[in-house]
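A short write-up of the structure that comes next.
There are 2 protein chains.
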Amino acid sequence: MSQPHNHKQHGQVHGHAHGTIEEALENLKASGLKTTRTRKALLTILVREHGPFTIEELQQRLEAGGSTCDIVTIYRNMTNFVDAGMVRSCDFGDGSARFEWALGEHAHHHHIICQQCRKIEELELCVVEELEQLVSKRGYSQVSHRLEFYGICTACQLQANKTR
Amino acid sequence: MSQPHNHKQHGQVHGHAHGTIEEALENLKASGLKTTRTRKALLTILVREHGPFTIEELQQRLEAGGSTCDIVTIYRNMTNFVDAGMVRSCDFGDGSARFEWALGEHAHHHHIICQQCRKIEELELCVVEELEQLVSKRGYSQVSHRLEFYGICTACQLQANKTR
DNA sequence: TTCAGTGCAAACAGTTTGCACCGAG
DNA sequence: CTCGGTGCAAACTGTTTGCACTGAA
Chain A
3 MSQPHNHKQH GQVHGHAHGT IEEALENLKA SGLKTTRTRK ALLTILVREH
53 GPFTIEELQQ RLEAGGSTCD IVTIYRNMTN FVDAGMVRSC DFGDGSARFE
103 WALGEHAHHH HIICQQCRKI EELELCVVEE LEQLVSKRGY SQVSHRLEFY
153 GICTACQLQA NKTR
Chain B
3 MSQPHNHKQH GQVHGHAHGT IEEALENLKA SGLKTTRTRK ALLTILVREH
53 GPFTIEELQQ RLEAGGSTCD IVTIYRNMTN FVDAGMVRSC DFGDGSARFE
103 WALGEHAHHH HIICQQCRKI EELELCVVEE LEQLVSKRGY SQVSHRLEFY
153 GICTACQLQA NKTR
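Taken in sequence, the protein lines are chains A and B.
Position 154 of the first sequence, counted from 1, bears residue number 156 in the working numbering, the numbering being contiguous throughout.
Position 47 of the second sequence, counted from 1, bears residue number 49 in the working numbering, the numbering being contiguous throughout.
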């Protein structure tokens, strides 16, 4: 598995994109990516349902819509979309990456994941204890959460300055 | 990769264990696990340095201490220790599980992970925004965090009740 | 002595890479 | 027409499983 947080700095949204497929396609072009049938289909799914979806779920949805697409192509396109800042990758610790539409109202948010059925809900708020209560109030039991911080430490910052 | 959060309910600490190897070994026995040389060595490392360590890091440390141990055995023992509630598994999204000693002062906490050198620091507090500031004040740049919630949704709770 | 613990080989799952062909611009 | 996009096969990484041997109790 790659390091999902390394893409962050690449994210570059061209124009102010909302939730329509047309805007997604503009974004594609602006990022120097060609408009293929596969990409159109993938973006349509992501814009409409915004995910997060695993690669397999995306493939199933493609097939349900009549398209076929090699799983490798989906991987490659998700990487493209993430680099283009249109899509965000999530890792819920169950071994597969998930991808969700990152533009419009879907900026920064968190998720509630059912440990049993893996259902995923979105959360807008962001203060931990309040939130665990909120999650309980939504009817979840055995609520727990995962929180980790990421950043560049001072040592690495210094090293980066030297290299420049 | 397994689902690290499924172990939570198994966690059962026997007696009030602190940070000594003797107590770790007591815990082993209380969990019905035999006291082998390998386990003794692994627990010594975890109690002394508390991690979080990847499986490979554990193997290296074992070798540095003169022991040898198949990587499969380390996997199996980490599962045992997690089930016994002595060790907690962490997933920082870089593709390998990490394990840290979970008893004594090392109860619930979070981490700051350097995106570049992968250095890991511990954090005790647990309110998100305050914390991102705190992390910045520690000298980290490009601070971000990962926060996800886990629980059993109402549907699954109902289903579980039926099955019983 | 007995069964849990271990090592080795092989299987597995998710993901990535190499290469030849295809199709958008 | 050209070069980026795609499919297929194969490699790779982290992890798990099967099985026979070994050693703790």
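Where a beta carbon is used, it is the ideal one built from N, C-alpha and C, also for glycine.
All values reported here derive from a predicted model rather than from experimental measurement.
Put residue i into one of helix, strand or coil per three-state DSSP.
i: B:Q14; result: Note on B:Q14: pLDDT 40, under 50, position unreliable in the model; no value is reported.
i: A:C71; result: coil
i: B:Y77; result: helix
i: A:L105; result: coil
i: B:D85; result: helix
i: B:S143; result: strand
i: A:L35; result: coil
i: A:S91; result: strand
i: B:T22; result: coil
i: B:C116; result: strand
Taking 9 Å as the CB-CB cut-off, is residue i touching chain A?
i: B:T56; result: no
i: B:V89; result: no
i: B:F94; result: yes
i: B:A157; result: yes
i: B:H112; result: yes
i: B:F151; result: yes
i: B:K121; result: yes
i: B:S69; result: no
Taking only beta-carbon positions, decide if residue i is within less than 9 Å of chain B.
i: A:D85; result: no
i: A:H147; result: yes
i: A:Y142; result: yes
i: A:S33; result: no
i: A:I76; result: no
i: A:I154; result: yes
i: A:I47; result: no
i: A:I115; result: yes
Taking just the CA atoms, how far does residue j sit from residue i?
i: A:K139; j: B:A109; result: 25 Å
i: A:G106; j: A:H113; result: 17 Å
i: A:S69; j: B:C92; result: 38 Å
i: A:R50; j: A:G34; result: 23 Å
i: A:E28; j: B:G97; result: 33 Å
i: B:E52; j: B:A32; result: Correcting the residue identity first, residue 52 of chain B is His in this sequence and not Glu. Their backbone Cα atoms lie some 21 Å apart in a straight line.
i: A:N82; j: B:R148; result: 22 Å
i: B:Y152; j: B:E58; result: 28 Å
i: A:E25; j: B:R90; result: 44 Å
i: B:I73; j: B:L45; result: 15 Å
i: A:G141; j: A:Q135; result: 10 Å
i: A:A86; j: A:T22; result: 16 Å
Leaving out five residues before and five after residue i in sequence, what residues of the same chain have Cβ atoms less than 8 Å from its Cβ?
i: B:F55; result: I47, L48, R63, R100, F101, E102
i: B:A157; result: none
Which same chain residues, not among the five before or five after residue i, have their C-beta less than 7 Å away from its C-beta?
i: B:G67; result: A43
i: B:Q159; result: none
i: A:C155; result: none
Output needed for residue i: all residues of its chain with C-beta closer than 6 Å, excluding positions within five of it in sequence on either side, in chain order.
i: B:L60; result: I76
i: A:I115; result: F94, I122
i: B:M80; result: F101
i: A:K36; result: none
i: A:C71; result: T40, L64
i: B:S143; result: none
i: B:R78; result: none
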